[in-house]
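2 protein chains.
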Amino acid sequence: MKNQLSIACLVLLSAILPGIQTIHAQSHEDAIRAIYDEALVNGQSYEMLEYLSLEIGNRLSGSPEAAAAVEWTRQKMIKLGFDTVFLQPVMVPHWVRGQKETARLVNSASRGSLDLNVLALGNSVGTGPEGVSAEIVEVMNFDELEQLGRENVEGKIVFFNRPMDPRHIHTMQAYGGAVDQRGAGASRAAGLGAKAVIVRSMASNLDDIPHTGSLRYDPDQPQIPAVAVSTNDAELLHRVLESDGKARVYIETHCEMLPDVLSYNVIGEIRGAKNPDEYIVVSGHLDSWDVGHGSHDDGAGCVQAIEALRILRDIRYAPNYSVRAVMFMNEENGLRGGREYARVADEKGEKHVAALESDSGGFTPRGFSMTGSDDQVEKLRSWEKYLGEYGLRDLGSQGGGADIGPLRQSGTALFGLRPDSQRYFNYHHTEEDTFDKVDKRELELGAAAMASLIYLIDQLGI
Amino acid sequence: MKNQLSIACLVLLSAILPGIQTIHAQSHEDAIRAIYDEALVNGQSYEMLEYLSLEIGNRLSGSPEAAAAVEWTRQKMIKLGFDTVFLQPVMVPHWVRGQKETARLVNSASRGSLDLNVLALGNSVGTGPEGVSAEIVEVMNFDELEQLGRENVEGKIVFFNRPMDPRHIHTMQAYGGAVDQRGAGASRAAGLGAKAVIVRSMASNLDDIPHTGSLRYDPDQPQIPAVAVSTNDAELLHRVLESDGKARVYIETHCEMLPDVLSYNVIGEIRGAKNPDEYIVVSGHLDSWDVGHGSHDDGAGCVQAIEALRILRDIRYAPNYSVRAVMFMNEENGLRGGREYARVADEKGEKHVAALESDSGGFTPRGFSMTGSDDQVEKLRSWEKYLGEYGLRDLGSQGGGADIGPLRQSGTALFGLRPDSQRYFNYHHTEEDTFDKVDKRELELGAAAMASLIYLIDQLGI
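Same order as they appear, the protein sequences are chains A and B.
Under the working numbering, the letters of the first sequence match residues 1 to 462, in that order.
Under the working numbering, the letters of the second sequence match residues 1001 to 1462, in that order.
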């Protein structure tokens, strides 16, 4: 009820505030001010995210919900009146979790038996109903695993327990320093004969919520089951091993990879006035993990991309380049959408000047990362004179976005929205990534930041 | 349970990370890095805030909880081993809410009768059990009120309904543009014969939660009761007036101002090595409103101030100046603590080089505001070379903190921590300002930012 009400129209406000000015070749400062006013007074991103989160819910590639999200997004962009709205077909993996996974510390000397909070990792094979039961062996990294060698690993469950380093100010760096355990841990352990792996959740905080996320199996190794365990339970297992010297865990997962499914990238376009055959992309990814609402990851990015286009249209800005809002499919466990978009662009000879993705949550924006030439980075940094007063001062660190990455090979300048990163890994890939974790103003400021960058690239080139 | 667990010691982490380096006349960059490492790996601010929020709870001046907070803070700083810990007596107002207030739209043509979500404004007189019932007259500002004149206001309830302007990027500015209605509305309306006032809550969002806060009665006007109404109900009243042409409201409040009570500022000090008789203050205010936990306002600022001192001590930094953590009493409805501190400092001839307050919530810090000479502002801005990589790039805008304001008359340079402001006015002065709204890392980063600024002032002067 509260959320329903809080996104009611600001009837009163619209009545008493002066009308949002439309842009008639005023200064860049005026244009950006108009973008922000439109986002903050008439914003539609929050209402869109509410629908995507609460009506459709999470939407893993290949799921019925992903199909619903594709159709809803298509209809939404048609309703918003963009010049062209179309679907780009792409075959995507179809992994399903199946019956809820369980894990249990069994007959430990110090704690007896108790349930652990786990989630199967995406793309993982399941244990099936018979489960896997074995002693666990804890390692902090692949070097320690190799040192243990086959004699200490074979037949065991390897427990990867290196935390995200809290000393990084930007949590994305801490994530980058730990996520190899999740992505490659299963195959590395399988190479030494392990029966399964347990990976400490990629989380900034200590709680009971496990974080899923994708693994990639090495084709040369056996495929073994893998689960993420909550950070609290990871700490618990560590203490049990310390006090008891050993611990046995039972894992049961029912996930499996089904045949590929036809899905789509969803694309809305405003045609450019001067260079209609050159493109600027503003994007997010429509798929999410199969827990929570996928509100921060990446419902936020999707509605911000649509909203950026809507803002430019509603302040009557006619772009020089064609601007596309692209909702990519299958970022989470395959990147098929991003690859297909770049392939088709290449095939059709569509020149992409720049691409921007929002895929770090709907938090207060603090700047943009980018991948481009030194001159391009310098140019982005010079725009602090326009963007700084909106809190966008973190400009030009290395980055972009996973889905737009494949466009780099044809020279496209890549940009990533950099929101405040502190809370992202409390929610990322969990049942806690829900609509109520997104603040309306923070989300709107992100959409305005994206529209402003698109405007500057369109006006000043990159 | 979850919160209990999430503040458990990072046992594992301490084991695997390299030890935090202590400072031995390394570079300023190294010192600040050591401050952040200490805050993020061994931080105690979150655990302190948990106690203040959940064990003591809200703590309005003069309440038993405020007394408990004084004693807990004193003991906490003694336990932390600061050189000196002492209480500074100050008489404070003692306003009590009494029996829960109620308000009701009565017999409206379009909606019938329904309850409104209200909170009496702090310092307000009560209606008593007989209540006040009258037609409401809506105004957006004092000009409109004056234009209505006594003939349209006398015997009515004035409804101040100007929203916080969402176009401000920093919500503190939107607050500043609306809060005159809360502070002075009652006396302005009383001057024209109104029986009571209803003020739209000072909030960035639309929801059902009323926001309290203090009013100041003009000694030349009758004191009339005043309540804040939730933003959703403010919108509702506006629509009822629009459709029905009139609306009658019943208000019943039981608040009253009791005689002043003896309370205290709580002060912990590390003695300076070179200039022990000159002081740098790092501060927050210990009192809060009597709803919620007062976690963001201003439990966060208190624990960050204590933590800043603890960090400097635990990295073995010996300051040149004496550094004081000051927990002021009675910021919310009187500022008696801040005034008394400045009065005593002046009386004792204690020179205060600089004072820093955190009183804008425990959100990710983005910089520092300041009140000082142009040279001092320039100096602060030049420290972006040390602070920028920690996200502290918003340096030198006008500001400081209410409690430290009285020190300005003796030339003290004033600083205010500037956290991200987007969510602050969702919670400010409401039952929603609770511990779970504070993120551990965001809080810790604020403490580290404060310790870093104190360090720079201590090393480089201001």
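Virtual Cβ for every residue (Gly too), placed ideally from N, Cα, C.
Where residue i sits in the DSSP three-state scheme
i, result
"histidine 293(A)", "coil"
"histidine 94(A)", "strand"
"phenylalanine 1415(B)", "strand"
"lysine 1351(B)", "strand"
"lysine 1088(B)", "Note that residue 1088(B) is glutamine in the sequence shown, not lysine. Three-state result, glutamine 1088(B): strand."
"asparagine 107(A)", "strand"
"tyrosine 1321(B)", "strand"
"glycine 446(A)", "helix"
"histidine 285(A)", "strand"
"valine 1344(B)", "helix"
"leucine 1080(B)", "coil"
"proline 64(A)", "helix"
"aspartate 1115(B)", "strand"
"phenylalanine 1142(B)", "helix"
"methionine 1329(B)", "coil"
"glutamine 221(A)", "coil"
Whether residue i touches residue j by CB criterion (8 Å)
i, j, result
"valine 353(A)", "tyrosine 321(A)", "yes"
"glycine 1334(B)", "valine 1179(B)", "no"
"cysteine 1255(B)", "glycine 1098(B)", "yes"
"proline 1259(B)", "glycine 1338(B)", "no"
"arginine 368(A)", "leucine 453(A)", "The question names arginine, but residue 368(A) in the sequence shown is phenylalanine. Yes. Within cutoff."
"serine 1204(B)", "alanine 1174(B)", "yes"
"arginine 1248(B)", "asparagine 1152(B)", "no"
"glutamine 147(A)", "glycine 191(A)", "no"
"arginine 313(A)", "isoleucine 267(A)", "no"
"alanine 1134(B)", "lysine 1076(B)", "no"
Cβ of residue i within 8 Å of any chain B Cβ
i, result
"valine 41(A)", "yes"
"glutamine 99(A)", "no"
"arginine 393(A)", "yes"
"isoleucine 136(A)", "no"
"glutamine 21(A)", "Low confidence applies here, because glutamine 21(A) scores a pLDDT of 45, under 50, leaving its location unreliable and the question unanswered by this model."
"aspartate 298(A)", "no"
"aspartate 37(A)", "yes"
"threonine 364(A)", "yes"
"serine 110(A)", "no"
"aspartate 420(A)", "yes"
"isoleucine 169(A)", "yes"
"lysine 2(A)", "For lysine 2(A), the pLDDT reaches just 36, beneath the cut-off of 50, and the residue's location in the model is therefore unreliable, leaving the point undetermined."
"leucine 445(A)", "yes"
Local Cβ density within 10 Å of residue i, reported as buried at 16 or more and exposed below that
i, result
"threonine 22(A)", "Residue placement at threonine 22(A) is poorly supported in this model, since its pLDDT is 49, which falls under 50; the coordinates are not used for a value here."
"proline 1129(B)", "exposed"
"glutamate 55(A)", "exposed"
"aspartate 1375(B)", "exposed"
"lysine 437(A)", "buried"
"serine 1230(B)", "buried"
"glutamine 26(A)", "exposed"
"arginine 316(A)", "exposed"
"proline 319(A)", "buried"
"glycine 411(A)", "exposed"
"isoleucine 224(A)", "buried"
"glutamate 1442(B)", "buried"
Any C-beta of chain A under 8 Å from that of residue i
i, result
"tyrosine 1250(B)", "no"
"proline 1166(B)", "yes"
"lysine 1440(B)", "yes"
"isoleucine 1056(B)", "no"
"serine 1204(B)", "yes"
"tyrosine 1317(B)", "no"
"tyrosine 1390(B)", "yes"
From the options, residue whose alpha carbon lies closest to that of residue i
i, options, result
"methionine 1140(B)", "Phe1082(B), Arg1188(B), Ala1034(B)", "Arg1188(B)"
"glycine 372(A)", "Arg271(A), Gly401(A), Glu350(A), Gly391(A)", "Gly401(A)"
"proline 1210(B)", "Thr1073(B), Thr1430(B), Met1450(B)", "Thr1430(B)"
"tyrosine 1264(B)", "His1028(B), Asn1042(B), Pro1064(B)", "Pro1064(B)"
"glycine 149(A)", "Thr364(A), Asn123(A), Thr127(A), Gly193(A)", "Gly193(A)"
"leucine 80(A)", "Gly155(A), Ile224(A), Leu40(A), Ala308(A)", "Ala308(A)"
"aspartate 1420(B)", "Arg1393(B), Gln1409(B), Tyr1455(B), Arg1336(B)", "Arg1393(B)"
"valine 448(A)", "Asp458(A), Thr364(A), Asp346(A)", "The question names valine, but residue 448(A) is alanine in the sequence shown. Here the closest residue by C-alpha is Thr364(A)."
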